[in-house]
Each structure stands twice: as C-alpha cells, then as structure tokens.
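In what follows, a single structure is set out as structure tokens and then discussed.
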Amino acid sequence: MHIRQPFNSRNRLNFSGGPGVLSDCVLKETQDAIMGVPGVGLSVLGISHRSEWFADVVHEAESNIRSLLSLPADYHVLFLQGGATQQFVMVPMALAPADKAPPEYLETGYWSAKSIVEARRVAPIRVIWSGHDAGYRCLPSDAELSYSQDAAYLHYVSNETVEGLQFSRVLGREDVTRVCDMSSDFLSRPCEAQRFALIYAHAQKNIGPAGVTIVCVRDEIVRQAPHDLPSCLDYRTQAQAHSIYNTPPVFAIYVVLLVTRWLLRDIGGLAQMDRFNRAKAAQLYACLDGSGGFYRARTAGADRSLMNVVFNLPTTELEHVFLQEAAHAGFSGLEGHRAIGGLRASLYNALTPDAVGELCGFMVDFQTRHSH
Ligand SMILES: *Cc1c(COP(=O)(O)O)cnc(C)c1O
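Residue numbers for the sequence shown follow the numbering used here, so the first one is 5 and each next one is one higher.
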C-alpha cells in the first residue's frame, strides 16, 4: 500500500483566489475529524446535525465569531447555504420593502456588479457610484459619494476579489442600514462590525471550505423582515432554528469552527491577523513596485487590496510563461480571474509570510531571466 506523507497533497503553495488556502494545523485537525471526531468516535462527515455535538459546534463557532468581531448581543450569527450569491437576493428580499425608498448600491467591481443584477430581480435599486466605465481600477473617494437619508439600505463589497480593490474605511451614513459583502476579507482584520446591520461572507476565501456562508445580522433587521418570504430564504426562520432549519453543511461549519479557534488561539485575534496580512501585502507590492515596470500592479495607493494582489507583465505571452514556470516551481492559483485575465496572488489569512517571500524570490529571478 502507498503510504502518503501527512502534507503530501500540500507541497504546492496555494495563492488561489478561492477556495483559498487553509493552515496546516486546521487541515491536520480536519483530517483527524474525518476519521473520527475526538471524543465522539464518528467521522465528521457522518454525524447527525441533530446531535448535541453539532449544536455545540454551532454554538462555539458563533461565540468565537462574536468574540473575534466584538459583536454586540443583539446580532444573530447564522450559518447559511447558497453562497454569497444567495445573499445577493436574500438581502433585498428582507430589507427592501416596497414602501421604502430604493436601496443604494456601489458598483466597484465584478462581484458588486453581480449583486446589483440579482438585487434588481427583487426590487428597484439605485446605483450611486460605478467604476464600470473606468474598468474598475479604483474605488470612490468620500467626495464622489452622496447617500440619501431615506434609502432602505446601503450595500457595498468591502474587498473586490477579482480586481484587487479594498476599502479601508466604513462607508455610508450612520442613520442608514449598512450591508456589506465581506466574502473575501471577513476575519482578515478588525471591521467595526457593530456599524453594519448585516454582514455576509461565504467561507471559502478566507475562513473555511465552500458550502457555508456566515451572516451577522442585527435582530431588529430580522424582526422587520416581511412575513411572506420562502422559509429557507428568510433570516427569521434561520435565526429561530439556530442555523439548523434544514440539513446544514456540518463539515463546512466544523472547519469554520477550527479556523476560528486557530484565529483566537494561534494567531491571537484580528488585530494580530491584520498585522500579518499587512506585512505580507506590503512585501508583495514592494516587489511589484520595485521591478522598474516589469510587474505592473493593477491598482494604486490606498485602494490596493491586502487580500488579492492583481498584476500584469509586459505581455500576455510573458504572463503565460510566468504561470507555467510558477506552476513548475510549486506556486499554484496565480492566474487572474477569467473576467479580467492577468495574474493574481491571493494572500488570505492562512497563507504564510514565508510563502510570500518565496513568491517574491521567484519573481525577482523570473524578471532577471526574462527582461532583456
Ligand atoms: C467569490 C465572491 C462571491 C461569490 O460567492 P459564491 O459563494 O460563489 O456565491 C461574492 N462576493 C465576493 C466579494 C466574492 O469574492
């Protein structure tokens, strides 16, 4: 029989935009739990979602997220299915009643554009800023934004995963319900969660495998939602059932629990996670900026994402060669999103500073060999 090494499957460094990298210790604990959850003696893949054990898993995952975000007691933490894409419709279904002024949306990149298309199927909405015609190369300044006081809510995406644009401030008015898609930077930094009425983030970029979406929502929002929504698309049903309304993704939620434990115990919280993430991004952007124009970062200044570093080489041909050589050298997931091409290095929480160092080393070497 072929005996595999514990991390044999992981001898490549994973810079994928999503599903993203997970830490070695979380993978090891996941591996153990697949064979038998400690103290339970059953595989995590086959434990009933109605078991006491799973109720405890949901409870602890929820309380870890509360403590990481310092979330006030009047928020629900829900574990839902359907991805962030399903939130694109659940949000307007719950928050955009016909008797209110339309919700306001920011179109800052690929994912917010998708959210707008979906929301429009449910309710009239107003786009108050769009970077579409400029190719989504920067985010709006405060001076470019004017919000209405009576909007049903404001929706924006905190980190545009495809273009590599990230807000480093909270947008909107304090007296208007604020909703944010944090799918690709959730739990990567402190985020002033109490200023948002609703935050959603699927797990597979930064905090677990695909299959579960975390929603932190203020109780007031849940109580005000219409009463005639389909139950599985209604935050109220999900909150009342403590995320166990129908069969939930037990495995994905369990891995999210392991990741939150890792954030609390091994990393030491979100301020510390933010320091690591800033250092990683600074190193890679310095490598791009210091290349004399060989590597060109897609974005500049304060809008640059700490999570997704998007860049180009002088020609598409050279980008192909880069990807081939990078794959050969053990770097995976560096191709840009199919919508815009180019290259993208995603530096999610679990990507180590050493991995960034190795990538920079490879890039310097590649440039030496290919610039003449
Ligand atoms: C990846 C991504 C999505 C899409 O999420 P799904 O879970 O595939 O529906 C939505 N928003 C953002 C910001 C993303 O990065």
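Don't be surprised by glycine CBs; every beta carbon is placed ideally from N, CA and C. Computed from a predicted structure; not experimentally measured.
Where does residue i sit, in a helix, a strand or coil, going by DSSP?
i      : result
Phe11  : Confidence in Phe11 is poor, its pLDDT being 37 and thus under 50, which makes the residue's placement too unreliable to answer from.
Cys142 : coil
Ile218 : strand
His159 : strand
Ile120 : helix
Asn18  : strand
Tyr239 : helix
Asp28  : helix
Cys184 : strand
Tyr79  : strand
Ser336 : strand
Gln170 : strand
Asn250 : coil
Glu148 : helix
Glu196 : coil
Arg177 : coil
Arg70  : helix
Ala105 : strand
Arg308 : strand
Met5   : With a pLDDT of only 40 at Met5, under 50, the local geometry of the prediction cannot be trusted, and the value read off the model is given with reservation. Correct three-state label for Met5: coil.
Arg300 : strand
Arg269 : helix
Arg348 : strand
Leu262 : helix
Leu84  : strand
For the alpha helix (DSSP H) containing residue i, list its first residue and its last residue.
i      : result
Ile132 : Where Ile132 is concerned, there is no enclosing alpha helix (DSSP H), although the beta strand (DSSP E) it sits in stretches over Arg130 to Ser134.
Ile225 : Asp223 to Gln228
Asn210 : Element bounds for Asn210: n/a, residue is neither H nor E.
Phe315 : Looking at the DSSP string, Phe315 is not in any alpha helix (DSSP H); the run it does join, the beta strand (DSSP E), is Asn312 to Asn316.
Phe280 : Leu274 to Asp293
Thr372 : Pro357 to His374
I'd like to know whether the C-beta atoms of residue i and residue j end up nearer to each other than 9 Å.
i      : j      : result
Leu310 : Arg193 : yes
Leu158 : Leu110 : yes
Leu82  : Val259 : no
Met97  : Leu202 : no
Ala275 : Tyr289 : no
Asn312 : Arg282 : no
Ser187 : Lys209 : yes
Glu64  : Leu261 : yes
Leu4   : Phe298 : Absent from the model: residue 4. The displayed extent of the chain is 5 to 376, so no value can be given.
Cys220 : His80  : yes
Val48  : Ile248 : no
Ala214 : Gly337 : no
Leu149 : Leu169 : no
Phe92  : Ala123 : yes
Ala156 : Pro230 : no
Arg308 : Ala285 : yes
Gln153 : Val180 : yes
Val216 : Ala256 : yes
Glu323 : Gly345 : yes
Ser350 : Thr165 : yes
Glu329 : Phe370 : yes
Let's see if you can read the secondary structure: which residues bound the beta strand (DSSP E) around residue i?
i      : result
Ile203 : Leu202 to His206
Asn353 : No beta strand (DSSP E) contains Asn353, which DSSP labels as neither H nor E.
Pro109 : Note that residue 109 is Tyr in the sequence shown, not Pro. Here the beta strand (DSSP E) through Tyr109 covers Glu108 to Glu111.
Please check if any C-beta of chain B sits within less than 9 Å of the C-beta of residue i.
i      : result
Leu288 : No chain B appears in this structure, which consists of one protein chain only.
Is the closest heavy atom of ligand 2 to the C-beta of residue i under 8 Å?
i      : result
Leu363 : With respect to ligand 2, the structure shown offers nothing to examine, as its ligands consist of ligand 1.
Q | Chain-ordered residues, beta carbon under 6 Å from a heavy atom of ligand 1 | A | Taking each Cβ in turn, the ones that pass are Gly22, Gly87, Ala88, Thr89, Trp115, Val161, Thr165, Asp185, Ser187, Ser188, His206 and Lys209.
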